[in-house]
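Peer 1:
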Amino acid sequence: MDAATAEGLLALAEEVAPGLKGLDRQDTFARLEERYDELLAALDWFVREECADEAVRIARALTPFWQATRRLDVATDRLERALALPGGDEERRGRALVEAGFVW
1021 MDAATAEGLL ALAEEVAPGL KGLDRQDTFA RLEERYDELL AALDWFVREE
1071 CADEAVRIAR ALTPFWQATR RLDVATDRLE RALALPGGDE ERRGRALVEA
1121 GFVW
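Heads up: the sequence shown runs through residues 1021 to 1124, numbered per our numbering.
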């Protein structure tokens, strides 16, 4: 994993996340499922590199997917890791904490 790949996967997660609630959500689920291992690897890379904002952003984008697919253990683990990083946008972190409350 490198920065460019991780950023591209973050962009994908944020782009398709709104579709999880729309009429085309089956297509959105399929897209995320197809790239799921890569998306987790990107999130883990952001955590290892201590990129707090990016880690929180991708975790937030994936949270509805984790909830809908009943991957609450993964959601809890990844949200905790992302939120444990110092720094980052406070408003974004606050929203992630609220979302984490729904999966804990």
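Glycine residues also receive a C-beta, built at the ideal position from the N, C-alpha and C atoms.
1) Identify which residue in Ala-1033, Trp-1065 and Asp-1022 has its Cα closest to the Cα of Leu-1054.
2) Compare the Cα-Cα distances from Thr-1083 to each of Ala-1023, Ala-1104, Tyr-1056 and Met-1021 and report the closest residue.
3) Can Val-1076 and Arg-1112 be called in contact, C-beta distance under 7 angstroms?
4) Measuring only the C-alpha atoms, how far is Phe-1122 from Gln-1087?
5) Determine the burial state of Glu-1119: buried for a count of at least 16 other Cβ atoms within 10 Å of its Cβ, exposed for fewer.
6) Looking at the structure shown, is Arg-1068 part of a helix, part of a strand, or coil, going by DSSP?
7) Thinking Arg-1098 and Leu-1052 are a contact (beta carbons under 8 angstroms), I'd like their distance in whole angstroms, please.
Peer 2: From the atom records:
1) Within the sequence shown, residue 1054 is the residue found at index 34, counting from 1. Residue identity check: residue 1054 is Glu in the sequence provided, not Leu. Among Ala-1033, Trp-1065 and Asp-1022, the Cα nearest to that of Glu-1054 belongs to Ala-1033.
2) Stepping through the sequence shown from its first residue, residue 1083 is reached at position 63. Minimum Cα distance to Thr-1083 is reached at Tyr-1056.
3) Walking along the sequence shown from the start, residue 1076 turns up at place 56. Walking along the sequence shown from the start, residue 1112 turns up at place 92. In this structure, Arg-1112 lies closer than 7 angstroms to Val-1076 by Cβ.
4) Here the question's residue 1122 lines up with position 102 in the sequence shown. Here the question's residue 1087 lines up with position 67 in the sequence shown. Taking the straight line joining both Cα atoms gives about 9 angstroms.
5) Here the question's residue 1119 lines up with position 99 in the sequence shown. Flag for Glu-1119 reads buried.
6) As a first step, residue 1068 is located in the sequence shown; it is residue number 48 there, counting from the start. In the structure shown, Arg-1068 sits in a helix (DSSP, three-state: H, G or I).
7) Translated into positions along the sequence shown, residue 1098 becomes position 78. Translated into positions along the sequence shown, residue 1052 becomes position 32. That belief does not hold up - the Cβ atoms of Arg-1098 and Leu-1052 are roughly 14 angstroms apart, past 8 angstroms.
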